[in-house]
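Asks: Residue numbers for the sequence shown, in the working numbering: 1020 to 1362. Don't be surprised by glycine CBs; every beta carbon is placed ideally from N, CA and C. If you scroll down you'll find the structure; I have some questions about it.
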Amino acid sequence: MSYLQKISGGKNRKWRAFINLKGHPSQSKTFRLKSEASDWAKELETALLSGTYKEPLKMTVDDLIDKYKLDVLSYRKNNGGNQIYLINWWSSQIGDLKLVDVTHNVLDNIRINMRKSKNKRGVIHSPSNVNKYFTLISAVFNKAIDWELITVSPMRRIKTLKTGNSRTRFLSKQEVNDLLKACKESKQSKLYEVVLFALTTGARRGEIMGLMWEDVDFESSRFCFKETKNGSDRFVPIATEIRELLLAREQESGLLYPPLKSVQFCVRRSFKTALNRANIKDFKFHDLRHTAASYLAMSGASLLDIAEILGHKNISQTRRYAHLTNTHLQEAVDKLGRIMDLS
């Protein structure tokens, strides 16, 4: 059974929760709020009775990963999407280790080996790719701290790898036209729409594929990308071309671009085919995001506007497009001179 006890202390009054169950050692914990104490007691009592409770010292990384999937990823769109693949990879690497045995050296050796090994496509892991894996496991260990399973994260001394100069490859106007034409000819009927979506919003592939009909507000003509990479929701205007395509479709519940029943809608494969058909070299789906930002800059949008549309928390990420705003800045300066009647 569990019970709560109020601890007097003037304005700093606290609550202590106690758990006493037959066959288990007694446990107690102090909280500032009564609701926090009650929640802790109920959660622990349920885990003890169901046999799912693990003592922190005996808990393995796989135990932690299972909890993270259940309590975190299951509440995200597509149940975590690509993060499931990454977290399963970590399970294969250190899943059998107890949490107390995961040290800085263990993780550092894994990172060193990753930089020498190839990924599933037969390509050596790039620094940015390695960073994705370690960003995820860092989030898992930070949650373990929140859950009071560990006191310090083994990731605390693992620094992010430098990724060199940021890639800013974007399409010329002719390449945009050639790509869209190739997408229209694709066997995947929605490829054209998805690519046009990326070109007009600068959205990431995962954001587009995770978009729900309920996230589309036709009245205010904007999309809401939820749980984005920077952790917050982002609102982006709907381009006229996309709005017309969506209105022409039968609106349903669920995903805007659900997987096809007969043929899996694989954006990566069909997009690569379209690139080959359009004879476009050295280009990735993510570069559509750079293309959108670059044309926004060249059309006169400010760096703040671009940062808001792309969802950049730090404008330093957006400065890579600053050189494309030179013409717009020159026009602004010339306009200032005319207003002041300088001659």
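Where does residue 1289 fall in DSSP's three states?
Replies: Residue 1289: helix per DSSP, three-state reduction.
Asks: Could you give the distance in angstroms between the alpha-carbon of residue 1296 and the alpha-carbon of residue 1269?
Replies: For residue 1296 and residue 1269, the distance between alpha carbons rounds to 30 Å.
Asks: Kindly indicate which three-state DSSP category residue 1228 falls into: helix, strand or coil?
Replies: Here residue 1228 sits in helix by DSSP.
Asks: Between the Cα of residue 1072 and the Cα atoms of 1138, 1036 and 1043, which residue gives the shortest distance?
Replies: Closest option to residue 1072, Cα to Cα, is 1043.
Asks: Pairs of beta-carbons, one from the segment 1314 to 1322 and one from the segment 1288 to 1295, closer than 8 Å: are there three or more?
Replies: Touching, no, given that fewer than three Cβ pairs across the two stretches are closer than 8 Å.
Asks: Measure from the alpha carbon of residue 1181 to the alpha carbon of each residue in 1196, 1147 and 1190, then state which is nearest.
Replies: It is 1147.
Asks: Quick one: residues in its chain with C-beta nearer than 6 Å to the C-beta of residue 1203, no 5 flanking neighbours on either side, listed in chain order?
Replies: Contacts found: 1211.
Asks: Check whether the segment 1081 to 1093 touches the segment 1125 to 1136, taking contact to mean three or more Cβ pairs, one atom from each stretch, closer than 8 Å.
Replies: These segments do not touch.
Asks: Let me confirm a value: residue 1281 is counted as buried when at least 16 other C-beta atoms fall within 10 Å, else exposed. Which label applies?
Replies: Residue placement at residue 1281 is flagged as unreliable, the pLDDT there being 40, under the threshold of 50; the coordinate-derived value follows with that caveat. Exposed is the call here.
Asks: Taking the runs of the alpha helix (DSSP H) that are 4 residues or longer, which of them lie wholly in the segment 1137 to 1213?
Replies: Counting only runs of 4 or more, we get 1146 to 1165 and 1192 to 1203.
Asks: Using DSSP with H/G/I as helix, E/B as strand and the rest coil, what is residue 1123?
Replies: Note: residue 1123 maps to helix in three-state DSSP.
Asks: Let me know the secondary structure DSSP gives residue 1047 once reduced to three states.
Replies: It is a strand residue.
Asks: Could you have a look at residue 1337 and say whether DSSP puts it in helix, strand or coil?
Replies: Residue 1337: coil per DSSP, three-state reduction.
Asks: Check each candidate in 1111, 1123, 1307 and 1262 and name the one with the smallest Cα separation from residue 1191.
Replies: Of the candidates 1111, 1123, 1307 and 1262, the one whose C-alpha sits nearest the C-alpha of residue 1191 is 1307.
Asks: According to DSSP, is residue 1282 helix, strand or coil?
Replies: Low local confidence applies: a pLDDT of 41 at residue 1282 is under 50, so the model's placement there is unreliable, with the coordinate-based value given in what follows. Note: residue 1282 maps to coil in three-state DSSP.
Asks: State the DSSP-derived secondary structure class of residue 1223, mapped to helix, strand or coil.
Replies: Reduced to three states, the DSSP call for residue 1223 is coil.
Asks: Which residues mark the beginning and the end of the alpha helix (DSSP H) in which residue 1080 is found?
Replies: Start and end: 1080 to 1090.
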